[in-house]
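Below: the structure, in structure tokens.
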Amino acid sequence: MSNLAVLPILLPLLAGIIVAFFNTKLTAVRLFSRVVAILNLIVVSYIGWDVYQNGTIILETGGWKAPYGIVLVGDMLAMLLVITTNIIAVACVFFASKSLSDKKESYYFYTFFFLLITGVSGAFLTGDLFNLFVFFEVLLMASYGLIVLGGEKVQLRESLKYVLLNLFSSMLFVTVISFLYSVVGTVNMAQVAERVQEVEQKGILTTIGILLFFVFATKAAVFPLYYWLPKSYIVPNPVVSALFGALLTKVGIYSILRTFTIIFHHEVDITHQLFLWLAALTMLFGVIGALSTHNIKLIVAYNIIPAVGFMLMGIALFTETSVAGTVYYLIHDMIVKGALFLLVGAIAILAGTSDLRKMNGLIHHYPVIGWLFFIASITLAGIPPFSGFIGKILLMQGGLEEDQYAVVIIGLLTSLLILFSMIRIFIQGFWGEKDETFTPNKKGARGFTWPIAFLVFFSIYLGAGAETVYPIVEEISKSLLDPTQYIESVLKE
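What follows is the structure, encoded as structure tokens:
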């Protein structure tokens, strides 16, 4: 048993409580928040290294043995995602003061920010389904505060949709957990996996699994449950959009990945075949949305949806290669989406508009931001040697291994359309003649550049340094496809 497992949850939780008492002391709160974010990244990186060297860490809270007490499980998958979460948190906490007004910052932005990181980290680390629900609610409560920060009319309209949809999915979530508990007598994921395996997921258990999938699919924005996402993610401040786009849907995908590899994997002809076609439809409809608008923020928001389709495709194929592709694509997409939301937010502020038709020649005024956007765009599209290429090549390879040619073709077509949707921002917005009447904000651009460059650096590293990251991802894939490793680590005597 190791108390290290609780630190990624405890540190941001305590920080969120502390800054709530000093919300008007902005200079001190900003400094404190930045120090805590960096400290938390160092702590979770150390814990991740410890897990890599010595294996999964388990914390049985209150000394109650699993499966009776609350269990936190820090395996390599959980820690890799927690580290990625905190990389994004560091970038966003430095970006926040550049994009938010003092008034908005004083409305408890940093409290909600740290509570969001607490909820996301807790969802990745929890070892039972009920506490997964609890951490979902923590991150959702924080997101409700962040989405309305500023109180503009458009924010209130979109937040109403966002809150109502998540309220419905949360009600369904806790109901499905109740059904599952009534059948197997536990909510501990390791013990649920053990008991489902004993009866080979017969009858009602497959139905419960599909219901649980639709709960997570709503939060992950899988077709046809994605309609709420694009506008809800662009109405808040850019730093909030970056947090939402990088983290929230990824918690839904992680939940599908975890539950349908260690628990509901005995009826793949039913469950995973359904996932495969939903993945294909999610890719197609998402990228069509990205092509249908001239709003640069909406283009990036719609491109969240095909990425979800790619990750769901890897889970559906259910091979070692495809699951490795999903994990790799997951960490890649968290970082590159965070960078892109910060980029389009910065561009909209610096250009004075988010309408692509009203932009021209920005590369002459903001060359660094322009080239950072270009790198992030081709990374998202999966151009080699960047990180998007590594994840997609693994997914395409997994599809070919399983003779799923139709889905592979859809995936390749979607990648080309994603590239087109992003490059047209670069060509129309940054290329062209210099506008002599435009007055650039060079100082503001410098403030935006460093947090974005920080994320783009990690995105480049995931591609250029794939030989150091892929072995870890490969081990994660093997452990996910062999649930006995997870079960034995949690339920060991």
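For the sequence shown, counting from 1, position 439 maps to 488 in the numbering used here; every step adds exactly one. The beta carbon of each residue, even a glycine, is placed where N, CA and C say it ideally should be. Given the structure is predicted, the values throughout are model-derived calculations rather than measurements.
DSSP three-state call for residue i: helix, strand or coil?
i: Glu542; result: Unreliable placement is indicated for Glu542, whose pLDDT of 44 sits below 50; the coordinate value is still reported in the next sentence. Three-state DSSP puts Glu542 in coil, outside helix and strand.
i: Gly496; result: helix
i: Asn103; result: helix
i: Thr255; result: helix
i: Leu108; result: strand
i: Asp484; result: coil
i: Ile312; result: coil
i: Glu451; result: coil
i: Ser155; result: helix
i: Leu149; result: coil
i: Leu274; result: coil
i: Pro116; result: coil
i: Thr134; result: helix
i: Gln534; result: helix
i: Val317; result: coil
i: Pro416; result: helix
i: Thr73; result: coil
i: Pro489; result: coil
i: Gly301; result: helix
i: Gly478; result: helix
i: Gly437; result: helix
i: Gln446; result: helix
i: Gly199; result: coil
i: Ile67; result: helix
Write down the C-beta distance between residue i and residue j rounded to the nearest angstrom, noting that I regard them as a contact closer than 8 Å.
i: Val385; j: Thr428; result: 5 Å
i: Lys210; j: Ser146; result: About 29 Å; that fails the 8 Å criterion.
i: Pro532; j: Ile311; result: 4 Å
i: Val505; j: Ile424; result: 6 Å
i: Val411; j: Phe479; result: The sequence shown places Leu at residue 411, rather than the Val named in the question. At roughly 5 Å, the Cβ-Cβ gap stays under 8 Å, so Leu411 and Phe479 are in contact.
i: Gly419; j: Thr320; result: That belief does not hold up - the Cβ atoms of Gly419 and Thr320 are roughly 44 Å apart, past 8 Å.
i: Ala388; j: Ile501; result: 6 Å
i: Val336; j: Thr463; result: 5 Å
i: Met383; j: Ala494; result: Met383 to Ala494, Cβ: 25 Å. No contact.
i: Ile119; j: Asn180; result: 6 Å
i: Leu121; j: Val300; result: Incorrect: roughly 16 Å between the Cβ atoms, too far for contact.
i: Met471; j: Ser426; result: 4 Å
i: Ile58; j: Ser219; result: About 20 Å separates the two Cβ atoms, so there is no contact after all.
i: Gly447; j: Leu366; result: 5 Å
i: Asp99; j: Leu53; result: 7 Å
i: Ala191; j: Leu164; result: 4 Å
Along the alpha helix (DSSP H) that carries residue i, what are the first and last residues, could you check?
i: Glu186; result: Leu178 to Ile196
i: Val336; result: Thr320 to Leu340
i: Tyr378; result: Glu369 to Ala400
i: Tyr454; result: Tyr454 to Ile474
i: Gly431; result: No alpha helix (DSSP H) contains Gly431, which DSSP labels as neither H nor E.
i: Thr160; result: Phe158 to Leu174
i: Gln246; result: Met238 to Glu247
i: Ile412; result: No alpha helix (DSSP H) contains Ile412, which DSSP labels as neither H nor E.
i: Val55; result: No alpha helix (DSSP H) contains Val55, which DSSP labels as neither H nor E.
i: Val289; result: Pro287 to Leu292
i: Lys527; result: Ala515 to Leu529
i: Ala295; result: Careful: Ala295 lies outside any alpha helix (DSSP H) and carries neither H nor E.
i: Val284; result: Careful: Val284 lies outside any alpha helix (DSSP H) and carries neither H nor E.
i: Gly358; result: Ile353 to Leu366
If I follow the unbroken beta strand (DSSP E) through residue i, where does it start and stop?
i: Leu205; result: Here Leu205 belongs to no beta strand (DSSP E); instead the alpha helix (DSSP H) covers Lys202 to Val233.
i: Gly123; result: Val120 to Gly123
Going by DSSP, name the residue or residues bridged to residue i.
i: Asp404; result: Asn344
Any beta-carbon of chain B closer than 7 Å to the one on residue i?
i: Ala64; result: In summary, chain B is missing from the structure at hand, where a single protein chain is found.
With three or more C-beta pairs closer than 8 Å as the rule, is the stretch 386 to 402 touching the stretch 520 to 539?
They do not touch, by the three-pair rule.
At least three beta-carbon pairs within less than 8 Å, the stretch 174 to 186 to the stretch 71 to 91:
no
At a cut of 8 Å, does the stretch 300 to 310 reach the stretch 255 to 268 through at least three beta carbon pairs?
yes
Pairing CB atoms from the stretch 186 to 197 with CB atoms from the stretch 207 to 221, are three or more of them under 8 Å?
yes
Cβ contact (3+ pairs, closer than 8 Å) linking the stretch 111 to 130 and the stretch 276 to 294
no
Quick test of the definition: if touching needs 3 or more C-beta pairs under 8 Å, does the stretch 102 to 118 touch the stretch 533 to 541?
They touch, by the three-pair rule.
Touching by the beta-carbon criterion (3+ pairs, under 8 Å), the stretch 267 to 277 and the stretch 322 to 336:
The stretch 322 to 336 and the stretch 267 to 277 touch, with three or more beta-carbon pairs separated by less than 8 Å.
Could you tell me whether the stretch 224 to 239 touches the stretch 200 to 209, where touching means 3 or more Cβ pairs closer than 8 Å?
no
Three or more C-beta pairs under 8 Å: does that hold for the stretch 68 to 81 against the stretch 148 to 163?
yes
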